[in-house]
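Chains as they are written, first to last, in my numbering: chain A, 17 to 334; chain B, 43 to 555; chain C, 230 to 559.
Note that CB positions come from ideal geometry on N, CA and C, so glycine has one too.
Below is one structure, written out as structure tokens, with a few remarks after it.
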């Protein structure tokens with residue numbers, strides 16, 4: 017019996033450590049005199065295991081930092097649906113002024129969100145939608161649109177023809193399928209030829225291996241399009257090691273310290289931001305507090321980062 | 043004094059075995075054995091270790107199905123093909139290692155194999171009621187839904203008996219049932235046996251304990267070396283005669299007596315106790331004191347439960363620090379709390395089960411033979427294969443080991459050759475004291491003789507040997523002195539001249555000479 | 230040589246592992262993807278890709294031979310990658326500090342697993358499963374959940390970039406006229422060290438004995454607990470080397486690195502012919518298993534076999550390989 021406690025303690029300790037590392041208290045600056053009114057925003061994040069979600073929280077935090085009347089409380093559900101439900105209920109009972117939620121799954125979180133609406137708490141849903149329409153505003157990006165934008169940029173860059181390798185994200189996931197379909201839509205009608213496609217499951221080491229296979233098979237590759245920046249990075253390293261210097265690389269996600277940094281360093285030729293919606297959520301929240309009308313659904317545009325505009329912070333695409 | 047049997051004229055037997063012969067490969071374990079049990083009697087089956095009692099019972103219980111001979115139950119010839127078959131025929135066996143399943147409930151255990159069910163679903167309530175009924179027959183009031191492992195051994199034994207009754211058993215075999223019971227529990231058991239007897243059951247009772255035989259036996263059957271020696275009513279077999287039947291005059295093949303080489307005192311145990319299950323439980327070895335000289339063979343005799351093997355294991359440090367008392371080697375006190383410390387002190391142990399605890403069957407002869415001495419054979423940690431092979435060859439040469447090369451996997455060797463490899467391993471450690479636990483078990487006659495010759499060489503080289511063996515002739519021939527253990531205590535010590543089979547057996551069974 | 234000795238050589242574990250590898254290579258010759266299989270670069274890349282898994286397989290062999298299993302190796306790769314990146318990129322530690330520190334961290338994690346399973350007598354599966362969760366958690370904690378890369382955040386939120394450390398460049402580098410990856414050389418060094426330990430050192434003999442019959446080994450004076458702790462510590466050490474190589478190849482420390490690698494390492498050991506029960510097998514067999522799975526992966530990759538097909542084929546081949554080993558056990 018005693019011996020079974022040890023692994024339990026290990027597991028418990030590890031969960032606590034991962035939990036402790038992530039949720040930091042929100043900054044609480046009061047500038048000058050007493051602020052008019054403090055609004056408390058509850059932010060329910062489904063997990064902080066993905067860097068993109070860490071970035072989402074960062075975006076929320078940064079956007080709120082310049083508004084001293086806002087206080088944001090972050091809760092991380094560690095990818096556990098039941099935990100996220102509990103967090104929503106906690107926010108309801110502590111009567112937050114607004115709830116921002118990025119749900120793990122649509123179905124189980126629909127009802128708690130509806131209950132928040134019923135008690136008068138406005139709800140902004142980020143990235144993954146809940147079912148029905150009992151929420152105030154949904155903010156999300158459109159992967160198909162981003163894929164299409166990437167395809168169109170590639171067509172323009174290559175002058176309408178060329179040999180392209182497509183390194184795909186997990187094709188059993190919706191983002192992977194959407195980006196793939198969008199990309200194919202974007203290059204439709206041109207002479208761009210996808211000579212090699214492989215599923216690299218969003219992982220850099222896998223992308224590197226697939227790129228090595230492509231390099232050994234094809235002597236001429238014009239451009240590599242990867243569904244995410246780590247994939248593009250892995251492909252770039254493979255090409256560099258092989259001494260193939262005249263290949264272009266395009267990725268998606270454009271996290272500031274990853275994709276954008278790669279463009280700045282000359283590793284990638286272009287990347288497209290998959291926006292987190294964090295800043296837009298705070299903007300929308302402010303509008304709600306002022307009593308202004310907000311749209312039911314905000315589809316975020318993407319931003320293109322390439323050599324020409326990366327210093328200027330990229331260019332927004334419709 | 044046992045109660046007189048209920049019937050006065052010899053009635054038709056409830057169970058009868060005739061002409062039972064059983065072989066395991068080349069070894070014949072039972073030869074033309076007969077046995078009959080009557081209704082309403084307690085029939086003791088007696089004999090030394092290895093006499094064949096367990097095998098006979100297993101044949102009756104349907105565990106061994108390949109045998110010559112005839113079994114009759116109530117006059118009808120039967121041939122049980124499995125324990126379930128035997129149970130259906132009315133035979134129930136209460137083994138020494140109780141066959142209940144710990145985590146399962148009492149009721150489930152009682153009806154195991156005949157679980158009352160409707161369309162596959164267990165009828166729990168009626169099963170529990172029935173279980174309560176049977177358990178109540180024994181005067182036991184327990185919650186039959188509790189798992190069996192919650193109950194003490196005595197209660198578990200009673201649950202087994204309740205199970206036997208529920209199977210409508212007429213023949214109930216009990217194999218050493220009192221080995222884990224204290225005195226009041228033994229009394230309860232015997233009262234139970236009397237009530238079973240009164241119901242007309244035949245109780246076949248296997249025991250080594252003279253006091254029990256004298257208390258409950260109606261009749262006694264004696265086996266020796268797989269032969270049926272005789273059956274007689276208890277009053278006609280007092281202790282001395284019973285022992286004589288068990289031991290017999292022939293001592294098997296005569297082996298020339300070794301020349302004794304006694305030297306200075308090598309090993310001394312004083313008030314030595316071993317607690318394999320921890321200091322709060324009963325010790326397996328209780329305050330034993332004796333000594334062994336260099337070049338001497340001390341035979342350690344004892345029946346099952348005597349604690350002899352545990353003494354070896356405790357001395358060797360296999361139980362860690364769970365020992366009390368003093369151990370002196372060449373008059374220096376030593377503390378041995380692990381096998382490594384034992385080897386360093388010059389003590390070696392040949393265990394009684396070479397496959398389970400003596401050899402690593404997947405490794406080669408050379409690997410096994412050098413396993414206990416690797417620190418010396420590989421100074422600095424790096425192995426010297428040539429040195430290892432040479433050591434293995436040197437050690438096994440005098441043993442006449444038959445194998446293609448030193449690289450053969452030990453698992454492929456015969457029993458005798460395997461034992462030689464194990465012995466080589468221990469001789470390699472240059473022991474001062476060598477503990478041999480059943481060194482010739484499962485070995486053919488030729489290999490046995492070779493091992494006896496080796497014993498001769500080892501004593502000539504000045505090693506002190508302690509020997510456990512269940513074969514009386516071997517014990518008598520090899521030992522310079524014999525110490526007898528009974529229930530963990532030293533019951534008697536004999537010099538070579540004094541050592542006689544009857545006296546040894548009597549002491550082993552708890553009789554003072 | 231007579232036919233009978235050829236036959237018995239082929240039936241030996243090494244023979245069967247070699248046969249499996251040759252079959253896979255034959256498949257590559259046939260399905261050579263427009264000649265890609267014949268290029269030296271393809272073989273260099275196959276070895277490179279398999280090397281990180283192979284390092285894990287070396288440590289895994291030691292643990293499996295003594296009768297245990299180590300499920301934490303993948304997580305320790307992540308932890309070590311994060312540590313290496315943090316030390317080399319952000320703290321600017323020189324190689325002679327970074328490398329021993331990473332190895333020590335890995336060995337420590339492994340030793341903890343060893344103490345829990347050998348000393349506290351927790352089943353290896355459970356003990357190393359707990360370490361798997363713990364190490365992954367530590368990796369995420371130490372890295373803040375993000376990859377530790379050459380992009381360093383400034384106070385105002387922008388990023389400046391530091392150089393990829395020379396240690397990383399040295400590891401992700403090609404030698405022998407560009408025909409062999411440094412990572413492969415490191416892997417082969419790991420193979421050599423593991424082989425020396427298992428076949429030439431007393432400790433290796435102890436591990437075989439413990440895996441073959443732990444109680445008999447104990448009663449023969451083998452220091453069972455110490456030997457087992459050593460095996461798990463060695464597994465942690467090899468995982469640390471793998472993590473360092475992974476970080477060097479990605480030029481970043483990814484806390485998620487190594488996810489699922491433990492199963493690949495186990496598959497490589499099993500296909501090589503080392504028995505999961507312990508007591509039999511060795512590093513040579515594992516090397517054959519590493520190559521078999523490495524080449525299988527590569528052949529599927531250059532032929533652009535879709536993901537579903539790859540999973541099914543790999544699964545079938547692993548089962549087939551294990552079954553043919555069990556059939557003819559001498």
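Nearest-angstrom Cα separation, counted from residue j out to residue i
i	j	result
residue 338 of chain B	residue 331 of chain B	17 angstroms
residue 395 of chain B	residue 472 of chain B	22 angstroms
residue 269 of chain B	residue 256 of chain B	23 angstroms
residue 230 of chain A	residue 82 of chain A	48 angstroms
residue 547 of chain B	residue 343 of chain C	49 angstroms
residue 230 of chain B	residue 253 of chain B	16 angstroms
residue 304 of chain C	residue 367 of chain B	50 angstroms
residue 266 of chain C	residue 257 of chain C	6 angstroms
residue 404 of chain B	residue 459 of chain B	15 angstroms
residue 114 of chain A	residue 219 of chain A	36 angstroms
residue 313 of chain A	residue 117 of chain A	14 angstroms
residue 324 of chain B	residue 431 of chain B	45 angstroms
residue 429 of chain B	residue 428 of chain C	15 angstroms
residue 504 of chain B	residue 497 of chain B	11 angstroms
Residue burial classification, residue i (beta-carbon count within 10 angstroms, cutoff 16)
i	result
residue 280 of chain C	buried
residue 625 of chain C	Since the first residue of chain C shown is 230 and the last is 559, residue 625 of chain C is not available in this structure.
residue 34 of chain B	Lying before the first or after the last residue shown, residue 34 of chain B is absent from chain B, which here runs from 43 to 555.
residue 269 of chain A	buried
residue 550 of chain B	buried
residue 374 of chain B	exposed
residue 281 of chain A	exposed
residue 40 of chain A	The pLDDT assigned to residue 40 of chain A is 43, lower than 50, so where the model puts this residue is not dependable; a value taken from the coordinates is nonetheless given after this. Classification for residue 40 of chain A: exposed.
residue 251 of chain B	buried
residue 95 of chain B	buried
residue 236 of chain A	exposed
Identified DSSP bridge partners for residue i
i	result
residue 86 of chain A	A:55
residue 541 of chain C	Its beta-bridge partners do not exist; DSSP assigns none.
residue 314 of chain B	B:330
residue 189 of chain B	B:147
residue 479 of chain C	Paired residue(s): none; residue 479 of chain C is not in a bridge.
residue 265 of chain A	A:240
residue 410 of chain C	C:403
residue 477 of chain B	B:391, B:508
residue 156 of chain A	A:315
Chain-ordered neighbours of residue i on chain A, where CB pairs are closer than 8 angstroms
i	result
residue 315 of chain C	Here the premise fails: no neighbours, minimum Cβ distance about 14 angstroms.
residue 263 of chain C	233
Cross-chain neighbours of residue i in chain C, by beta carbon under 9 angstroms
i	result
residue 272 of chain A	380, 382, 386, 387, 388
residue 420 of chain B	430, 431, 434
Interface residues of chain C facing residue i [CB-CB closer than 7 angstroms]
i	result
residue 289 of chain A	Chain C residues near residue 289 of chain A: none, gap ~15 angstroms exceeds 7 angstroms.
8 angstroms Cβ cut-off: residues of chain B touching residue i
i	result
residue 448 of chain C	358, 360, 381, 391, 393, 399, 400
residue 508 of chain C	402, 404, 405
Contact set between residue i and chain C, taken where Cβ atoms lie within less than 8 angstroms
i	result
residue 123 of chain A	Chain C residues near residue 123 of chain A: none, gap ~27 angstroms exceeds 8 angstroms.
residue 467 of chain B	449
residue 423 of chain B	430, 431, 432
Where residue i meets chain B, residues with beta-carbon distance less than 7 angstroms
i	result
residue 321 of chain C	Neighbours of residue 321 of chain C on chain B: none; closest Cβ ~38 angstroms, over 7 angstroms.
Beta strand (DSSP E) runs wholly inside the segment 501-547 of chain B, at least 3 long, in chain order: Entirely contained in the segment 501-547 of chain B, the beta strand (DSSP E) runs reaching 3 residues are, in chain order, 506-510, 523-528, 531-537.
Checklist entry - What residue ranges within the segment 246-294 of chain B form continuous beta strand (DSSP E) runs of no fewer than 3 residues, ordered along the chain? => result With a minimum length of 3 residues, the continuous beta strand (DSSP E) runs that stay inside the segment 246-294 of chain B are 261-266, 269-275.
Would you mind listing the beta strand (DSSP E) stretches within the segment 50-92 of chain B that are 3+ residues and don't spill past its ends, in chain order?
-> If you keep only unbroken beta strand (DSSP E) runs of at least 3 residues inside the segment 50-92 of chain B, you get 57-66, 69-79, 83-88.
Practice problem: Please specify which runs of the beta strand (DSSP E), each continuous and at least 3 residues long, are wholly inside the segment 355-409 of chain C, giving them in chain order. | Solution: Whole beta strand (DSSP E) segments, 3+ residues: 380-382, 388-390.
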